[in-house]
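Its first residue numbered 0, the sequence shown is counted upward by one per residue in numbering that gives the first Met the number 0.
Please read the structure below before turning to the comments.
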Amino acid sequence: MPRLPRLLGLLAAGLVVWLVGACSLLSDLDALKQGSGADASAPDSDGGKNDGGACKPKKCSELGASCGEALDGCGGKLSCGDCPGGLFCGGAGPNKCGQTPCIAKTCQELSAECGQASDGCGKVLECGGCTLPEKCGGSGTANVCGCTPISCETVKATCGELSDGCGGKLNCGTCQPPATCGGAGPANQCGCKPKTCVDLGMNCGKVPDGCGGLADCGSCASGQICGGAGPNKCGTAPCQPKSCADLGKNCGQVSDGCGNTISCGSCSGSQTCGGSGTPNVCGCTPTSCAAEGKNCGSISDKCGGTLSCGSCNSPNSCGGGGVPNVCGCSPQSCSAQGKNCGVISNGCGGSVNCGACNAPLSCGGGGTANVCGCSPTSCSAQGYSCGTISDGCGGQLNCGGCGTNQQCVSGQCQSTCYTCSSLGKNCGQVSDGCGGVLNCGSCQSPEWCGGGGSSNVCGCSAPSCAGKCGVIPNPCGGSVNCGGCPGGQTCFNGSCCTPTSCGAQGKSCGSISDGCGGVLECGTCYGNQGCSPNGTCDFAGFASCDGCPGGWDTAFTEYCAYGCSSYYEALCVQPGFDYWAGCGGCPGGYHEAASSYAYCACGSYAVLCLKD
0 MPRLPRLLGL LAAGLVVWLV GACSLLSDLD ALKQGSGADA SAPDSDGGKN DGGACKPKKC
60 SELGASCGEA LDGCGGKLSC GDCPGGLFCG GAGPNKCGQT PCIAKTCQEL SAECGQASDG
120 CGKVLECGGC TLPEKCGGSG TANVCGCTPI SCETVKATCG ELSDGCGGKL NCGTCQPPAT
180 CGGAGPANQC GCKPKTCVDL GMNCGKVPDG CGGLADCGSC ASGQICGGAG PNKCGTAPCQ
240 PKSCADLGKN CGQVSDGCGN TISCGSCSGS QTCGGSGTPN VCGCTPTSCA AEGKNCGSIS
300 DKCGGTLSCG SCNSPNSCGG GGVPNVCGCS PQSCSAQGKN CGVISNGCGG SVNCGACNAP
360 LSCGGGGTAN VCGCSPTSCS AQGYSCGTIS DGCGGQLNCG GCGTNQQCVS GQCQSTCYTC
420 SSLGKNCGQV SDGCGGVLNC GSCQSPEWCG GGGSSNVCGC SAPSCAGKCG VIPNPCGGSV
480 NCGGCPGGQT CFNGSCCTPT SCGAQGKSCG SISDGCGGVL ECGTCYGNQG CSPNGTCDFA
540 GFASCDGCPG GWDTAFTEYC AYGCSSYYEA LCVQPGFDYW AGCGGCPGGY HEAASSYAYC
600 ACGSYAVLCL KD
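Shown next as structure tokens:
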């Protein structure tokens, strides 16, 4: 009876460990399934920063966006303002003001099937959601629905089957005896729960606990013998110890039935003790392809033989996904296939979004599928017989000229000579189409000829802020405010500039330019050190009774019967240093580096002063 409370305590502790482990594994599985199934449609497609698990939204300035709506990288939208009059949002690129009207893209044109995407001008498109278990960008391609399966390693599972979070199943292997899957409590984890003396029905001696250890079942009362009432049971009858052979065992430790344990040896080769399922008997249970998570090729059965795990169906190949003996496929990227637009097959049954083209190019426009290109048009296709027109691909077509006394009007030769008004011109000189020249006048300030972008037409164009900062003159009157610079930069001569530092220039004294219109004070020198031409404090001056050594300049000299036995004193300075030498104190901005030993010439000590 005195052993019962201790045994009950051990049972309670084991139950708590089992519950904690099981809850932990279920929690890991649930979190991963939720992550793979949720329709998270934004941050994986618009470039947000992730610091320690928290998404840090970007600002318009960080994105280089000056107008319209933009994605902040964390699933939200930014409002980056409007363009000045006459400019279009997207005219100089996505979310940038420019003079060219912008043609917005649709979700279909962008090959975006989910989440948020920019239309290439200044709006954010909502391209829908995904059906569970897929999520937007779940396979690694932005704005494309997909799902990335979890692995046994992800949830720390070592045995059994579980869901991969994408509708499939994972086989996480088998356990080596005496461990079993979930044997210690936590699901999908190899373990072994030791048996107690109560579980075994024993009350004396030491007996194997079924997990490679021994359970101490105590001793018998006076007058009783361990084994007297059966193996490891207290009784009055004599007990005859059993041998390994008697018990049919050939490995590990077993009870002799009389309160002691005996060692039955060990196993060799691929066999393990209890490996065939019988405790304390050498054996080996061959594994299976499924238990090892393999489905192709040949593998060891872990008992000296081999297993054939079959073959793969196209497009998969054995080990093609990077895992030996597992059917898989390595998806091909857009660049690997020589594609740069639209949605294409990744060679593994999935798809990859290769992006969109910039005008005037279109996807496949040059005749090659999923490659940005453009097929130029012709003069005849556009009904032109003279003049120049766009070829539809950013170039121009020359459609020829007209005969004498003819002029080209809207691509057709006509006999009437032009006037300034018929041509819509009001400045400069233009041809009248009949061999003459028309003078269409001049413009009034602030307009100039062609200033609005049309030749021989008075106009005025506001300057672009591209690469500019601060307030710049507007030739059309007034000024244009191009804003400030990012942190750490300053506006200098209308452009953003990053100031240098004394340390970056290797300077420790004197004044230098910061490269952005300012001046840096790099410190001062003291004692017999001066600021060298290189901007560093170096030893530069001293007093001498023997004249200045080679390589040094003599800043001051005197012949005096005091101070030096040679009667000759000198103040020496290193060439290149800014100094002052003479009688009296140092002038402002200089400090004393050395003084004469006597004061014959000055009536006081002569001093050598170095620039601070």
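Using N, Cα and C, we set each Cβ at its ideal position, and we do this for glycine too.
Just so you know, these numbers come straight off a predicted model, no measurement behind them.
Taking the CA atoms as reference points, residue 299 sits about 56 Å from residue 119. The straight-line gap separating the alpha-carbon atoms of residue 167 and residue 137 is approximately 15 Å.
The beta-carbon separation of residue 196 and residue 182, rounded to 19 Å, does not stay under the 8 Å limit for a contact. Around the beta carbon of residue 254, a 10 Å sphere encloses 16 or more other beta carbons of the protein chains shown; the residue is thus reported as buried. Residue 114 counts as buried, since no fewer than 16 other beta carbons sit within 10 angstroms of its beta carbon. Boundaries of the alpha helix (DSSP H) around residue 244: 243-246. Around the beta-carbon of residue 276, fewer than 16 other beta-carbon atoms lie within 10 Å, marking it exposed. Within the same chain, and ignoring the five residues on either side of residue 445 in sequence, the residues whose Cβ sits closer than 8 Å to its Cβ are 459, 474, 475, 476.
Taking the Cα of residue 395 as reference, the smallest distance to any Cα among 64, 471, 383, 443 is reached at 383. By the criterion of a C-beta distance shorter than 6 Å, residue 283 is surrounded in its chain by 269, 270, 274, 302, once the five residues flanking it on both sides are discounted. A residue is called buried once 16 or more other Cβ atoms fall within 10 Å of its Cβ, and residue 352 is buried on that count. Contact annotation: residue 590 and residue 608 have beta-carbon atoms nearer than 8 Å. A contact between stretches requires three or more CB pairs, one per stretch, nearer than 8 Å, and the region 562-580 meets this requirement with the region 531-550. Rounded to whole angstroms, the separation of the alpha carbons of residue 290 and residue 221 is 53 Å.
If you look at residue 322, you'll find it isn't in any alpha helix (DSSP H); DSSP assigns it neither H nor E.
Annotation: residue 330 to residue 338 spans about 14 Å, alpha carbon to alpha carbon. The shortest CA-to-CA distance from residue 456 to any of 465, 439, 468 is the one to 439. Beta-bridge partners assigned by DSSP to residue 395: 389.
Take residue 370, set aside five residues on each side of it, and the residues of its chain with a beta-carbon closer than 8 Å to its own are 337, 338, 339, 340, 362, 363, in chain order.
Here residue 187 is buried: its Cβ has 16 or more other Cβ atoms, across all protein chains shown, within 10 Å. Counting the other CB atoms within 10 Å of its CB gives residue 152 a total below 16, which places it among the exposed residues. Relative to residue 579, the option among 149, 322, 539 whose CA is nearest is 539. Contact between residue 262 and residue 252 holds, with the beta-carbon distance rounding to 5 Å and staying under 8 Å. Taking 8 Å as the cut-off, the beta carbon of residue 286 is found no closer than this to the beta carbon of residue 157. Of the candidates 72, 92, 109, the residue whose Cα lies closest to the Cα of residue 354 is 109. Around the beta carbon of residue 310, a 10 Å sphere encloses fewer than 16 other beta carbons of the protein chains shown; the residue is thus reported as exposed.
Sorting 407, 171, 94 by C-alpha distance to the C-alpha of residue 70 places 94 at the top. The shortest C-alpha to C-alpha distance from residue 359 to any of 374, 346, 347 is the one to 374. Rounded to whole angstroms, the gap between the alpha carbons of residue 471 and residue 480 is 6 Å.
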